[in-house]
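See below for the structure under consideration.
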Amino acid sequence: MPCGHRDPDRLCSLPAFPGFPAGIRRAAVGEGGGHGGRPGGGRPGGSGWDRGGPAGLQARVRPGHSLGPPAALQRSRSRRRGLLRRDSGPWALGREAAMNFSEVFKLSSLLSKFSPDGKYLASCVQYRLVVRDVNTLQILQLYTCLDQIQHIEWSADSLFILCAMYKRGLVQVWSLEQPDWHCKIDEGSAGLVASCWSPDGRHILNTTEFHLRITVWSLCTKSISYIKYPKACQQGITFTRDGRYMALAERRDCKDYISIFVCSDWQLLRHFETDTQDLVGIEWAPNGCVLAVWDTCLEYKILLYSLDGRLLSTYCAYEWSLGIKSVAWSPSSQFLAVGSYDGKVRILNHVTWKMITEFEHPVTINNPKIIVYREAEKSPKLGLGGLPFPPPRAVARPLSTMETKYEIASLPVSLQTLKPVTDRANPRIGVGMLAFSPDNYYLATRNAPI
Numbered sequence: 000m001p002c003g004h005r006d007p008d009r010l011c012s013l014p015a016f017p018g019f020p021a022g023i024r025r026a027a028v029g030e031g032g033g034h035g036g037r038p039g040g041g042r043p044g045g046s047g048w049d050r051g052g053p054a055g056l057q058a059r060v061r062p063g064h065s066l067g068p069p070a071a072l073q074r075s076r077s078r079r080r081g082l083l084r085r086d087s088g089p090w091a092l093g094r095e096a097a098m099n100f101s102e103v104f105k106l107s108s109l110l111s112k113f114s115p116d117g118k119y120l121a122s123c124v125q126y127r128l129v130v131r132d133v134n135t136l137q138i139l140q141l142y143t144c145l146d147q148i149q150h151i152e153w154s155a156d157s158l159f160i161l162c163a164m165y166k167r168g169l170v171q172v173w174s175l176e177q178p179d180w181h182c183k184i185d186e187g188s189a190g191l192v193a194s195c196w197s198p199d200g201r202h203i204l205n206t207t208e209f210h211l212r213i214t215v216w217s218l219c220t221k222s223i224s225y226i227k228y229p230k231a232c233q234q235g236i237t238f239t240r241d242g243r244y245m246a247l248a249e250r251r252d253c254k255d256y257i258s259i260f261v262c263s264d265w266q267l268l269r270h271f272e273t274d275t276q277d278l279v280g281i282e283w284a285p286n287g288c289v290l291a292v293w294d295t296c297l298e299y300k301i302l303l304y305s306l307d308g309r310l311l312s313t314y315c316a317y318e319w320s321l322g323i324k325s326v327a328w329s330p331s332s333q334f335l336a337v338g339s340y341d342g343k344v345r346i347l348n349h350v351t352w353k354m355i356t357e358f359e360h361p362v363t364i365n366n367p368k369i370i371v372y373r374e375a376e377k378s379p380k381l382g383l384g385g386l387p388f389p390p391p392r393a394v395a396r397p398l399s400t401m402e403t404k405y406e407i408a409s410l411p412v413s414l415q416t417l418k419p420v421t422d423r424a425n426p427r428i429g430v431g432m433l434a435f436s437p438d439n440y441y442l443a444t445r446n447a448p449i
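Every letter in the sequence shown is one number past the one before it in numbering that gives the first Met the number 0, and letter 168, counting from 1, is 167.
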């Protein structure tokens, strides 16, 4: 059972924050502004949990300062004329459509993410966080963190953005609606290796160094909760689509376990052992009724568990070879796609959990039912009547740019492949990416060698 302890020295100073869910705190950061509040009290939680005031969670308010939304966020909601048209089928490019590119923006460590609602774009330049409007690319907010940012993540409602600085064990949270509101979480000597939002966007889950525990910080109630024994694996935390439950992979006494928590109060709902040697990933079905658990790549095994911990089925395609590399549920929860190191994708059905079909990734494509599009270059049509000859250098450079088009390739088509380096760790083999279309009709895959 997960267990925790209370630290009486952990304090929180967050003044009231109206307009948010019950109990959330309001604060602002300003030069020379002190901070007020009260020590965070707590109440004991169940199933080995403990609650108390969060340590290192700080905020300040500038006296007499109003926290109304900034003028930059009161932007026009008018939409530009679209370049897409839809007659009766899927979306298609209109005649006036064109692909335009913006100016180049600075970026550090490829840290750039769109907000879930698609209205904002966040990017990082060392210790600065830049938030832009997606339509105009104008800078809406510019935040300065305490150190170089190593991870950013939007809350599900796009109201907050999290910035993690793993080297210093710090997490800073910024609000778009209230730019002067600022929250800082300091994990102290425990360190920090991972940080993420809960589905409600009001809790932050921090994983300490060596995966000793996960700390759940609440922005609403000032409380903290601890989960011990999280497993260091590829995908050890997963939430149901409705945000009600969280499944966590754990490792105790050289055995794998799964704990299921209720996200509303973080109480333990189920705790059970899994029949795996070295669990590497878990994934909820979109309907939240089945949990897929797959074993290490050294053994091909995927297990299906119900919400109450019952083992529904186990599937194994082969033995004595590298096994599962990727797993993906269909949006309807009817199909489970399993990508393997043998370069095949196997589809399981939700009734018997048996394989109904498999897809290969052949190097040579000669099936007449398959259409292959090849990207080709074409020169733009130029009118030479009004151009001097020879053209000046300023004109000659744009004339050398090439346009591209897609042509239907004649079969058979041979694809270029990369020979994997087998004498190194993690060779480029196997199906590492699976993605279903929202309508449940199509499946996109990517095989590493191709």
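Idealized CB from N, CA, C, for every residue including glycine. Computed from a prediction, not measured in an experiment: that's the story for all the values here.
Query	Result
Bridge partners - valine 172, DSSP secondary structure assignment	Leu161, Cys182
Residue burial classification, threonine 356 (beta-carbon count within 10 angstroms, cutoff 16)	exposed
Alpha-carbon to alpha-carbon, valine 326 and serine 75	Note that serine 75 has pLDDT 33, beneath the 50 cutoff, so the model's placement of it is unreliable and the number below is only indicative. Whole-angstrom Cα-Cα distance: 42 Å.
Residue of Lys404, Glu374, Arg445, Thr363 minimising C-alpha distance to leucine 410	Thr363
Minimum C-alpha distance to phenylalanine 435 - residue among Lys353, Ser329, Ser339	Ser329
Inter-residue Cα distance where the pair is aspartate 132 and proline 178	15 Å
For isoleucine 281 and tryptophan 234, believed in contact at Cβ under 8 Å, the rounded distance	It is glutamine, not tryptophan, that sits at residue 234 in the sequence shown. Right, their Cβ atoms sit about 6 Å apart.
Buried versus exposed call for alanine 248 [16 or more other C-beta atoms within 10 Å across all chains shown]	buried
8 Å Cβ cutoff met for tryptophan 283 and alanine 246	yes
Coarse secondary structure for alanine 189, derived from DSSP in three states	helix
Glycine 242 beta carbon less than 8 Å from that of aspartate 199	yes
Beta-carbon spacing of leucine 175, leucine 191 below 8 Å	no
Backbone secondary structure at phenylalanine 113 - three-state DSSP	strand
Cβ shell of lysine 105 (< 6 Å), same chain only, five flanking positions each side left out	Val124
Closest residue to aspartate 252 among Thr239, Lys230, Val172, Ile236 (Cα-Cα distance)	Lys230
Beta-carbon spacing of serine 154, tryptophan 196 below 8 Å	yes
Any 3 or more C-beta pairs closer than 8 Å across the region 416-435 and the region 338-348	yes
Burial state of tyrosine 405 (16 or more Cβ within 10 Å)	exposed
Beta-carbon proximity of leucine 302 to valine 289, cut-off 8 Å	no
Closest Cα partner of histidine 150 within the set Gln171, Val130, Met354, Cys162	Cys162
DSSP three-state assignment for arginine 269, whether helix, strand or coil	strand
Nearest-angstrom Cα separation, counted from leucine 139 out to glutamate 102	17 Å
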